[in-house]
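Peer 1: Take the position in the sequence shown, starting the count at 1, then add 53; the result is the number in the working numbering.
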Amino acid sequence: MRFEAYVKPARILAVILVLLVLFISSKKLISDPSPAKGDLGVYLHAARQMFAGENIYSTPTHPESEGGLYYIYPPLFAALFIPFTFLHVDVTIVIWCLLNLVLIGWILKAFFEFVADSPFFDLPVKTRWIIGFFPILLSSRFILHHLDRGQANILEMALVVLAIKLCMNRNPLSAGAVIGASVVIKPITLPFTFLFLLERNKKAMAGVFAGMLLALMLPAIIIGFDENWLYLRSWFDNFVLDSSQRESKLGLSYNVSPTAQLYRFFSDVTAFEHKGQQYSLMIFQSSAAAIRAADWIVRFALVGTFVFYWFRYRNGIKILSKGAIALLLVLTPLLFPTAQKSYFVFLLPGYIYVVYVWYCLKLKDRWFRGFTAASFLIASGTTDGIWGNFMGDFFIAAGCFIYGTLLLAGAIFRAAKILSEEREGILK
Numbered sequence: 054m055r056f057e058a059y060v061k062p063a064r065i066l067a068v069i070l071v072l073l074v075l076f077i078s079s080k081k082l083i084s085d086p087s088p089a090k091g092d093l094g095v096y097l098h099a100a101r102q103m104f105a106g107e108n109i110y111s112t113p114t115h116p117e118s119e120g121g122l123y124y125i126y127p128p129l130f131a132a133l134f135i136p137f138t139f140l141h142v143d144v145t146i147v148i149w150c151l152l153n154l155v156l157i158g159w160i161l162k163a164f165f166e167f168v169a170d171s172p173f174f175d176l177p178v179k180t181r182w183i184i185g186f187f188p189i190l191l192s193s194r195f196i197l198h199h200l201d202r203g204q205a206n207i208l209e210m211a212l213v214v215l216a217i218k219l220c221m222n223r224n225p226l227s228a229g230a231v232i233g234a235s236v237v238i239k240p241i242t243l244p245f246t247f248l249f250l251l252e253r254n255k256k257a258m259a260g261v262f263a264g265m266l267l268a269l270m271l272p273a274i275i276i277g278f279d280e281n282w283l284y285l286r287s288w289f290d291n292f293v294l295d296s297s298q299r300e301s302k303l304g305l306s307y308n309v310s311p312t313a314q315l316y317r318f319f320s321d322v323t324a325f326e327h328k329g330q331q332y333s334l335m336i337f338q339s340s341a342a343a344i345r346a347a348d349w350i351v352r353f354a355l356v357g358t359f360v361f362y363w364f365r366y367r368n369g370i371k372i373l374s375k376g377a378i379a380l381l382l383v384l385t386p387l388l389f390p391t392a393q394k395s396y397f398v399f400l401l402p403g404y405i406y407v408v409y410v411w412y413c414l415k416l417k418d419r420w421f422r423g424f425t426a427a428s429f430l431i432a433s434g435t436t437d438g439i440w441g442n443f444m445g446d447f448f449i450a451a452g453c454f455i456y457g458t459l460l461l462a463g464a465i466f467r468a469a470k471i472l473s474e475e476r477e478g479i480l481k
């Protein structure tokens with residue numbers, strides 16, 4: 054039978070799966086015994102504090118000894134959540150989960166159109182389903198964790214993709230403004246300002262500064278200039294200048310960044326806990342200064358990897374230059390000293406890119422396909438749902454998210470090398 058014969062039942066199944074994910078993720082947050090209700094509860098708590106004229110940074114969601122969480126971002130996101138404080142928290146949870154699912158669908162469509170330079174719905178039906186299914190499957194672990202925690206990284210990723218679309222439409226000023234505003238919501242999108250610098254795109258950089266300034270000042274409409282300025286000063290002093298203060302708000306057990314990995318491997322800390330038992334993964338003990346130096350070396354190496362790709366392939370065929378954007382999105386979770394599991398939803402555009410190259414461009418290179426498969430197996434195949442709680446915790450503490458991310462970056466590099474060589478062979 055032709056694939057088209059299965060389209061109708063596949064659509065019904067897809068709708069059922071989306072509704073099931075919405076129900077399960079919403080129910081998990083609603084039934085969470087913690088007063089925080091995941092990260093979503095932190096945003097709501099900060100919004101309530103702001104509306105009441107209290108300090109949004111000094112008071113956790115509930116006592117710190119009981120696992121209370123602090124709001125650590127600029128005041129804009131708290132201000133944007135003020136309307137949700139008038140709704141019942143359960144209604145807010147459902148709305149937020151639904152919004153994130155809608156954004157995932159939009160990101161999938163929009164980023165594919167950027168990569169393929171073709172409308173998504175012009176594709177054959179089978180190709181649409183493959184492009185729509187496999188990137189979601191490959192990044193499903195991080196999407197589900199993101200939904201279960203009520204995080205904001207999918208929104209941030211959507212803003213980056215929107216900026217990319219604006220650049221495609223020759224509107225760099227607006228693209229820069231979107232990135233600038235996204236940085237103020239959550240600084241995870243900061244690396245994309247570096248991309249504009251590399252491209253020497255003056256209009257985009259002007260847009261970044263304008264977007265940041267507008268976003269920083271926007272809460273003043275609600276709370277007044279003086280109060281907003283106090284919030285900004287508090288955030289800058291406590292979470293930008295004082296890195297130890299920022300990192301102390303996210304325990305090592307929740308931090309899966311390269312920085313945290315260095316501390317697990319080279320200092321006498323608890324790597325993970327299971328049933329009250331603490332486990333260490335220390336290889337040997339190093340000084341804090343040496344770990345900090347190694348951390349900066351790792352981050353500079355990651356940035357250098359992207360810069361090398363950009364200079365090497367920016368003047369090649371279009372698909373290679375677009376690979377630079379996919380690569381930067383993939384590397385984003387590794388560029389910060391703190392990273393939670395949900396940050397790795399930024400792998401989704403990278404998986405969209407490699408699935409397009411694999412299926413649509415028919416790249417059969419075994420190293421490219423091996424890197425792609427290994428990325429999924431190591432980053433997502435190490436879940437406690439397969440291996441049990443102890444091994445799942447061990448794999449996370451051992452750095453499997455980092456290794457899976459690097460393997461996906463390797464797949465993008467390998468694709469660029471092979472496609473570039475094929476082009477040179479055709480020209481000869």
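No residue lacks a Cβ here, since even glycine has one placed at the ideal position from N, Cα and C. Computed from a predicted model, the values in this text were never measured in an experiment.
How about the region 218–236 and the region 174–193: do they share at least three Cβ pairs that are nearer than 8 angstroms?
Peer 2: The region 218–236, when compared against the region 174–193, does not touch it at the 8 angstroms Cβ threshold.
Peer 1: Would you report the Cα separation of E107 and I449, rounded to the nearest angstrom?
Peer 2: Stepping through the sequence shown from its first residue, residue 107 is reached at position 54. Stepping through the sequence shown from its first residue, residue 449 is reached at position 396. Approximately 37 angstroms between the Cα atoms of the pair.
Peer 1: List the residues that DSSP assigns as beta-bridge partners of E326.
Peer 2: The residue given as residue 326 occupies position 273 in the sequence shown. DSSP output for E326 lists Q331 as bridge partner(s).
Peer 1: What would DSSP say about Y110, mapped onto helix, strand or coil?
Peer 2: As a first step, residue 110 must be located in the sequence shown, where it is residue number 57. Reduced to three states, the DSSP call for Y110 is coil.
Peer 1: Please report the distance separating the alpha-carbon of I65 from that of L382.
Peer 2: Residue numbering aside, residue 65 sits at position 12 when the sequence shown is read from its first letter. Residue numbering aside, residue 382 sits at position 329 when the sequence shown is read from its first letter. For I65 and L382, the distance between alpha carbons rounds to 32 angstroms.
Peer 1: Going by DSSP, what residue range makes up the alpha helix (DSSP H) through Y96?
Peer 2: As a position in the sequence shown, residue 96 is number 43, starting the count at 1. 91–104 is the extent of the alpha helix (DSSP H) around Y96.
Peer 1: What does the Cβ neighbour count give for I69, buried or exposed, with the cut at 16 atoms within 10 Å?
Peer 2: Counting from 1 along the sequence shown, the entry for residue 69 is found at position 16. Exposed, because fewer than 16 other Cβ atoms sit within 10 Å of the Cβ of I69.
Peer 1: Between which two residues does the alpha helix (DSSP H) containing P172 stretch?
Peer 2: For this step, residue 172 is matched to residue 119 along the sequence shown. First-last for P172: undefined, no H or E at that position.
Peer 1: Just mark R317 as buried or exposed, buried being the case when its beta carbon has 16 or more other beta carbons within 10 Å.
Peer 2: One-based indexing of the sequence shown puts residue 317 at position 264. Around the beta carbon of R317, a 10 Å sphere encloses 16 or more other beta carbons of the protein chains shown; the residue is thus reported as buried.
Peer 1: Can you tell me which of E252, L151, V356 puts its alpha carbon nearest to the alpha carbon of D201?
Peer 2: Counting from 1 along the sequence shown, the entry for residue 201 is found at position 148. With distances taken between Cα atoms, D201 lies closest to L151.
Peer 1: Since C517 and T435 should fall inside the 8 angstroms C-beta cutoff, what is the C-beta to C-beta distance between them, to a whole number of angstroms?
Peer 2: Because the chain in this structure spans residues 54 to 481, residue 517 falls outside the shown range and cannot be described.
Peer 1: Contact check, T114 vs G94 under 8 angstroms by CB: the rounded distance?
Peer 2: The residue labelled residue 114 in the question sits at position 61 within the sequence shown. The residue labelled residue 94 in the question sits at position 41 within the sequence shown. That belief holds up - the Cβ atoms of T114 and G94 are roughly 6 angstroms apart, short of 8 angstroms.
Peer 1: Helix or strand or just coil, what does DSSP make of P62?
Peer 2: Position 9 of the sequence shown, counted from the first residue, corresponds to residue 62. If DSSP states are grouped into helix, strand and coil, P62 belongs with the helices.
Peer 1: Looking only at its own chain, which residues have a Cβ that is under 6 angstroms from the Cβ of W182, when we skip the five neighbours before and after it?
Peer 2: Locating residue 182 in the sequence shown gives position 129, where the first residue counts as 1. Same-chain partners within the cutoff: there are none.
Peer 1: For V408 and F186, what's the separation of their Cα atoms in angstroms?
Peer 2: Reading the sequence shown from its first residue, position 355 is the one you call residue 408. Reading the sequence shown from its first residue, position 133 is the one you call residue 186. Their backbone Cα atoms lie some 10 angstroms apart in a straight line.
Peer 1: First and last residue of the alpha helix (DSSP H) that includes C220?
Peer 2: The residue given as residue 220 occupies position 167 in the sequence shown. Element bounds for C220: 206–221.
Peer 1: Can you grab the Cα-Cα spacing for the pair N153 / G229, in whole Å?
Peer 2: For the purposes of this step, residue 153 is taken as residue 100 along the sequence shown, with counting starting at 1. For the purposes of this step, residue 229 is taken as residue 176 along the sequence shown, with counting starting at 1. Approximately 23 angstroms between the Cα atoms of the pair.
Peer 1: So I207 and V74 are in contact, right, with Cβ under 8 angstroms, and what is the actual spacing, rounded?
Peer 2: Residue numbering aside, residue 207 sits at position 154 when the sequence shown is read from its first letter. Residue numbering aside, residue 74 sits at position 21 when the sequence shown is read from its first letter. Not quite, the Cβ-Cβ distance comes to about 13 angstroms (not below 8 angstroms), so this is no contact.
Peer 1: Mark H199 as exposed unless 16 or more other C-beta atoms lie within 10 angstroms of its C-beta, in which case mark it buried.
Peer 2: Against the sequence shown, residue 199 aligns to sequence position 146. Its Cβ being crowded by 16 or more others within 10 Å, H199 is buried.
Peer 1: Comparing alpha-carbon positions, which option in I217, K239, G233 lies nearest A205?
Peer 2: Numbered from 1 along the sequence shown, position 152 holds the residue referred to as residue 205. The option with the nearest alpha carbon to A205 is K239.
Peer 1: What separation, rounded to the nearest whole angstrom, lies between the Cα atoms of V60 and L416?
Peer 2: As a first step, residue 60 is located in the sequence shown; it is residue number 7 there, counting from the start. As a first step, residue 416 is located in the sequence shown; it is residue number 363 there, counting from the start. So the two alpha carbons sit approximately 26 angstroms from each other.
Peer 1: Which runs of the alpha helix (DSSP H) spanning at least 4 residues fall entirely within the region 438–475, listed in chain order?
Peer 2: 442–451
Peer 1: Starting from S374, follow the alpha helix (DSSP H) in both directions and report where the run begins and ends.
Peer 2: Stepping through the sequence shown from its first residue, residue 374 is reached at position 321. Where S374 is concerned, the enclosing alpha helix (DSSP H) stretches over 371–384.
Peer 1: Short check: CB of L388 to CB of V360, under 9 angstroms?
Peer 2: For this step, residue 388 is matched to residue 335 along the sequence shown. For this step, residue 360 is matched to residue 307 along the sequence shown. Contact flag unset, no.
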